[in-house]
Each structure stands twice: as structure tokens, then as C-alpha cells.
Amino acid sequence: MAVAERTIRTSQADLHLSESSGLGMPILMIHGSGSSRAVFARQFDSPLADAHRLIAFDLPGHGGSSDAHDPATAYTIAGLARSAGELLDRLAIRRAIVFGWSLGGHVAMELASFHPAVRGLMLTGAPPVSKGLFGMLRGFHAHWDMLLASKKIYSERDAERFETLCFGDSASPTFRQAILRTDGRLRATVTRSMMSGDGADQRQVVEQAAFPVAIVNGENDPFVRLSYFEALHYGALWEHCHVVPGVGHAPFWERPDLFNPMLSRFADAVEAQSADGALVGQRRSQAG
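For the sequence shown, UniProt numbering begins at 1 and goes up steadily by one.
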């Protein structure tokens, strides 16, 4: 399967992306803080890339994308979601599944709150929290390592610790480089925006979603409370809250043999529902 790379200029940053040539419904993949599109290599190197148009891009301030022109607005959850939405518009994508991991999951939920192209949402390592500090505390474990999420400047030791938290002992050699490349202003700004309640109420987005929502987490995720996901009242939960055994924060990287079939099944379900909805709309139009 051929994978193309290119850079799309948006109002806040030049976004670098990788894109497969699959013909199925596009799947937009949004990585976590300190990462890059390279974390989805094991999805691109799978039948998913043949079946679907996989699109993975580097968020502003990450990987091969530029730093934001206006960090104060672009590095909030809402600002990052606007960049993702602008990317969808520039690519002329009208229907898409969005898979968000960690920070990317929170960006995906914000994107789903306003962009009409979102037809399905898969979240990994990203609890749909209500606005403000107390909402965050319900969804995340409170421990000293969480301070790394908001630290502006990383030492080599900080980068090593963050890499271990995200990937255990399975990290690619390039992942440390991605962590150190990240614009540290983003970490502080994102944390402030979540604690202050910037953007949509993510819990409401998920609980009131009219489109399918998939939840897939690692059994040993060091950041999120798995029990929190079970307590939500989902509007359209796909199957059930999935837990991948024996892995941590990045099950799609650690166990692609288990994760990729789930993403494939979810994509098929979303595509089928979207096709049914289009057919119903067409019949109503003809009847009118």
C-alpha cells in the first residue's frame, strides 16, 4: 500500500501528514502530546491502510508540522481542534471516522462537537471529562507524573520518563526525538485550557453523540481511570468499553494484532450506518 506525505498550510500552522490510498471511509488519526503521526505506523502497515484512507498528521508544534503562529490560541484544545477541522476542509473530506489517542482524543471530542464530517469517534487513553479541574480529577489518576503533562521544558530525564509512561518498554527509537522536538508551550497551554474549561464539555459530547463512539483502553494505562468510562451514559456506545489486556497507554502500538481488528470492525459499522443514513435521507427527499 502506497503512503503519501505532504504538508497542508492552515491558518495556525503548516501541518505535515501521511495518507494511505485506501478507498474506504477516511480515518483521521490524532496523536498524543509529545508524539507524532509516526506512532500510527502499525496501522499504516496493516490491511487497514488498504481498506480505508488513513490520514495521520502532526499536530501544531509536533513532528514535521510547524510551531503555531499564535500559541496562546492555537495550543488550546479548541485551537487544536480548529486546526484539525481546517485540515479536513482543505482535504475536502465530508465524512470521516476520527481516532484520537491521549491528547488527540480530547482534540477529537472537541472536533466532534462542531464539525459535520465526524461520523464516528474512537477514543484511547482520553476520558471524556466535564469542564474544569474536578471533571479532570474524575477521569485521570492524580500523581506526580501528571505534572509532566504541563511542564514547558523537558530534560532528557523528563523525556525518558514520559516515553516510559506512554509506551512502556516498547517505544521506537524515534519516539524520544518526537518528545524533545515538541513545542513545550503547548503542554502548558493545553493543561490550562482543560483546567479552565475551554471548549466543549467532552462528557456531554460523548453522552449525547448521535454517531457511534468506541472506547478502547489499555488494561494498565497509568494515566486514566478505567472505571470512569464505565460510569458514563453513552448515547451511542459501540459494543462496550474495550480493554486490551497486558498493555498500557498505547494499545494500538503495543498490541496492533488486537487493536487493528477492533478499529476495522468499528470502521465497517460506522460506514454501514452512514450509508443507511444517506439512503434514508435520499428516500425522504424523493418522497418530498
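Beta carbons are placed, not taken as given, at the ideal position from N, Cα and C, and that holds for glycine.
Computed from a prediction, not measured in an experiment: that's the story for all the values here.
- Span of the alpha helix (DSSP H) holding Gly-105? Its alpha helix (DSSP H) spans residues 103-112.
- Item | Distance, Ala-236 Cα to Gly-64 Cα | In a straight line, the C-alpha of Gly-64 is about 35 Å away from that of Ala-236.
- Alpha carbon of Ser-102 to alpha carbon of Ala-126, nearest angstrom: Separation of Ser-102 and Ala-126 (C-alpha to C-alpha, rounded to the nearest whole angstrom) is 5 Å.
- Query: Since Gly-163 is in the alpha helix (DSSP H), which residue starts that stretch and which ends it?
  - Reply: Checking the sequence shown, residue 163 turns out to be Glu, not Gly. Per DSSP, Glu-163 belongs to the alpha helix (DSSP H) from 156-167.
- Item | First through last residue of the alpha helix (DSSP H) which encompasses Ser-20 | Counting along the chain, Ser-20 falls outside any alpha helix (DSSP H), though it belongs to the beta strand (DSSP E) covering 14-20.
- Nearest-angstrom Cβ-Cβ length linking Asp-221 and Gly-197, presumed shorter than 8 Å: Between Gly-197 and Asp-221 the Cβ distance is about 24 Å, and since that is not below 8 Å, they are no contact.
- Message: Any contact between the segment 131-138 and the segment 188-195? By contact I mean 3 or more CB pairs, one from each, below 8 Å.
- Response: Result yes; three or more Cβ-Cβ pairs closer than 8 Å.
- Item | Ala-4, buried or exposed, once every other Cβ within 10 Å from all chains shown has been counted against 16 | With fewer than 16 Cβ atoms within 10 Å of its Cβ, Ala-4 is classed as exposed.
- Message: Please report the straight-line C-alpha distance between Ile-55 and Gly-85, rounded to a whole angstrom.
- Response: A straight line joining the alpha-carbon of Ile-55 with that of Gly-85 spans about 13 Å.
- What did DSSP end up calling Glu-271 once you bin it into helix, strand or coil? For Glu-271, the three-state secondary structure derived from DSSP is helix.
- DSSP on Ala-51, reduced to helix/strand/coil? Ala-51 falls in the helix class under three-state DSSP.
- Query: Does any heavy atom of the ligand FMN sit closer than 7 Å to the C-beta of Asp-50?
  - Reply: Although the ligand FMN was asked about, the structure shown includes no ligands whatsoever.
- Message: By DSSP's criteria, His-242 is part of a beta bridge. Which residues make up the other side?
- Response: Answer is Val-216, bridged to His-242.
- Task: Using three-state DSSP, classify Val-224 as helix, strand or coil.
- Result: The DSSP-derived three-state label of Val-224 is strand.
- Item | Nearest neighbour of Ser-113, chosen from Val-206, Pro-256, Ala-68 [CA to CA] | Nearest option by C-alpha distance: Val-206.
- Over the uninterrupted beta strand (DSSP E) stretch that includes Ile-27, give me the two end residues. Here the beta strand (DSSP E) through Ile-27 covers 24-30.
- Item | Simplified DSSP assignment, three categories, for Leu-133 | Three-state DSSP puts Leu-133 in a helix.
- Query: If you run the structure through DSSP and keep just helix, strand and coil, what is Val-190?
  - Reply: Val-190: helix per DSSP, three-state reduction.
- Message: From the DSSP secondary-structure annotation, give me the bridge partner or partners of Leu-123.
- Response: Per DSSP, Gly-100, Ile-215.
- Message: Just to check my reading of the structure: Gln-202 and His-106 have Cβ atoms closer than 8 Å, yes? What is that Cβ distance to the nearest angstrom?
- Response: Between His-106 and Gln-202 the Cβ distance is about 7 Å, and since that is below 8 Å, they are a contact.
- Message: Just to confirm the assignment, what range does the alpha helix (DSSP H) spanning Ile-77 have?
- Response: Segment 77-90, the alpha helix (DSSP H) holding Ile-77.
- Item | Of the listed residues Ile-97, Met-109, Ala-231, Arg-95, nearest to Arg-82 (C-alpha basis) | Out of Ile-97, Met-109, Ala-231, Arg-95, Met-109 has the C-alpha closest to the C-alpha of Arg-82.
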